[in-house]
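>
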Amino acid sequence: MFFQIAIDGPSGVGKSTVANLLAQNLSFLHVNTGLIFRGIAWYLLRNPKREIGEVLREISQYKTFYFHKNSWILNGKEVSGEEFKKELVTKEASKIAKKGEIRSFVLEVEREVARKENIVMEGRDIGTKVFPNAVLKVFLSASPAIRAKRRFLELQEKGLLEGRTLEEIEGEIKKRDLEDMNRELDPLCKAEDAVEICSDEMTPEEVVESIRKEFEIRKSQQLPPV
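So the number in the numbering used here is just where the residue sits in the sequence shown, counting from 1, plus 581.
#1: Assign GLY620 to buried or exposed, taking buried as 16 or more other Cβ atoms, counted over all protein chains shown, within 10 Å of its Cβ.
#2: LEU688 to GLY681, Cα distance in whole Å?
#3: How about VAL701 and LEU769: are their beta carbons less than 9 Å apart?
#4: Please look up how many angstroms separate the CB atoms of VAL788 and SER780, rounded, as I've assumed it's under 8 Å.
#5: Let's test the definition: count the other Cβ atoms within 10 Å of the Cβ of GLY740 and tell me whether it reaches 16, buried, or not, exposed.
#6: In its own chain, which residues sit with a C-beta less than 8 Å from the C-beta of LYS676, not counting the 5 before and 5 after it?
#7: What are the start and end residues of each continuous beta strand (DSSP E) run of 3 or more residues lying completely inside the stretch 606 to 637, in chain order?
#8: So, are the CB atoms of PHE584 and LYS718 less than 9 Å apart?
#9: Nearest by alpha-carbon distance to ARG696: which of VAL612, LEU602, ASN601, SER597 is it?
#10: Which two residues bound the contiguous beta strand (DSSP E) that contains LEU717?
#11: Tell me the DSSP secondary structure of ALA587 in three-state form.
#12: Report the three-state DSSP secondary structure of THR645 (helix, strand or coil).
#13: From SER791 to LYS710, what does the alpha carbon distance come to, in whole angstroms?
#14: Let me check understanding here. Comparing Cα to Cα, which of GLU673, ALA604, ASP758 lies closest to ARG705?
#15: Could you round the C-beta distance between GLY533 and SER722 to whole angstroms and report it? I think they count as a contact, below 8 Å.
#16: Within the continuous beta strand (DSSP E) that includes ILE778, where are the two ends?
#17: Along the chain, where does the beta strand (DSSP E) that runs through GLU664 open and close?
#18: Classify GLY615: buried if its beta carbon has 16 or more other beta carbons within 10 angstroms, exposed otherwise.
#19: Applying the criterion that 16 or more other CB atoms from any shown protein chain within 10 Å of the CB defines a buried residue, is LYS596 buried or exposed?
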């Protein structure tokens with residue numbers, strides 16, 4: 582039996598940064614579920630004439646690589662995770678995340694890796710559907726303005742702005758929030774027993790320390806869930 586820490590929250594709230602730091606702190610495996618969807622989207626964009634089922638079967642051969650580095654190895658070629666953050670891939674990932682076939686595939690991948698080791702998993706519906714019995718569920722929140730500023734600076738630093746302004750990015754974030762909260766399959770929502778942390782005025786390190794303290798309390802109170 583192993584521990585699962587589930588980190589959920591809206592787009593651009595800092596789930597990846599916090600989850601990665603927390604996993605390092607606890608010596609857990611960090612699983613970025615958003616990277617799985619983005620990787621599938623990236624692959625589909627490059628294979629537009631192939632059926633989704635065929636693509637998923639091919640990708641499943643390489644799923645070990647989703648979790649051990651910020652990149653994929655597909656057909657023997659390493660693809661940087663930065664490729665998955667481009668705007669076209671982001672939009673396609675949001676689109677395919679609504680498809681039941683793809684969500685079922687990703688769900689099984691997520692649960693498979695959790696059967697093998699302690700994990701910090703971040704992404705949509707992790708606490709509500711993927712691991713409803715996780716030892717700790719965290720829902721990160723931040724205002725759209727703060728999230729837009731962070732995203733703008735990140736993209737600017739990496740040369741991925743592609744001409745977008747801060748105002749445009751904030752508009753994209755608000756639109757994405759509405760779509761995620763109102764989609765038919767697994768809409769964005771906070772688990773009833775999740776600990777909510779607003780990071781508007783907190784550094785990633787402060788958020789991680791808050792989560793780590795809560796985890797230590799939970800761990801002392803129960804055995805790892807099945």
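Ideal Cβ placement from N, Cα and C applies to all residues, glycine included.
According to the structure shown:
#1: buried
#2: 10 Å
#3: no
#4: 5 Å
#5: exposed
#6: ALA622
#7: 610 to 613
#8: No, Cβ-Cβ distance for PHE584 and LYS718 is not below 9 Å.
#9: VAL612
#10: 717 to 722
#11: strand
#12: For THR645, the predicted model reports a pLDDT of 48, less than 50, meaning its position is unreliable and no value from the coordinates is stated.
#13: Looking at the two C-alpha atoms, the distance is approximately 24 Å.
#14: ASP758
#15: Past the boundaries of the shown model lies residue 533; the chain is included only from 582 to 807, so the question cannot be answered.
#16: 776 to 779
#17: Careful: GLU664 lies outside any beta strand (DSSP E) and carries neither H nor E.
#18: buried
#19: buried
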